[in-house]
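Residue numbers (my numbering): 556 to 672. Below is one structure, written out as structure tokens, with a few remarks after it.
Put into structure tokens, the structure is as follows:
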């Protein structure tokens with residue numbers, strides 16, 4: 556159990572050379588192989604290094620961001636966006652109708668702080 560804890564924490568002991576995996580090894584062992592829907596080749600920094608724990612997690616998250624940004628999404632008209640936005644506003648209003656004004660203001664502040672972070 557100590558080995559598993561050390562691997563998850565990203566400690567340098569046990570040896571990354573022995574226990575770490577390269578990006579190619581991680582992909583082959585995952586069974587997925589390539590990112591679904593991604594046409595371009597996605598190779599994160601340090602793809603050839605044998606990493607585990609936090610370092611491997613950060614690498615795969617970087618790889619995920621690169622893959623997600625490379626997916627072509629269909630264009631959406633302004634009308635559809637505004638319709639969706641109106642639906643979201645309606646849901647928001649329905650959720651806040653039963654709340655007192657100070658609770659609504661607090662919720663708005665929380666939503667703004669989430670957008671900033």
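Beta carbons are placed, not taken as given, at the ideal position from N, Cα and C, and that holds for glycine.
Residue j beta carbon less than 9 Å from that of residue i
i, j, result
"residue 575", "residue 607", "yes"
"residue 593", "residue 639", "no"
"residue 590", "residue 610", "no"
Span of the alpha helix (DSSP H), counted from its first residue to its last, around residue i
i, result
"residue 613", "608-625"
"residue 583", "578-585"
"residue 571", "571-574"
Beta-carbon separation (whole angstroms), residue i vs residue j, contact threshold 8 Å
i, j, result
"residue 599", "residue 614", "5 Å"
Spatially closest choice to residue i from the options, by CA coordinates
i, options, result
"residue 595", "604, 667, 619 and 580", "619"
"residue 578", "570, 617 and 569", "617"
"residue 570", "664, 605, 631 and 636", "605"
"residue 580", "568, 603 and 597", "603"
Residue i burial status per 10 Å Cβ neighbour count (16 or more: buried)
i, result
"residue 538", "There is no way to answer for residue 538, as the model of the chain reaches only from 556 to 672."
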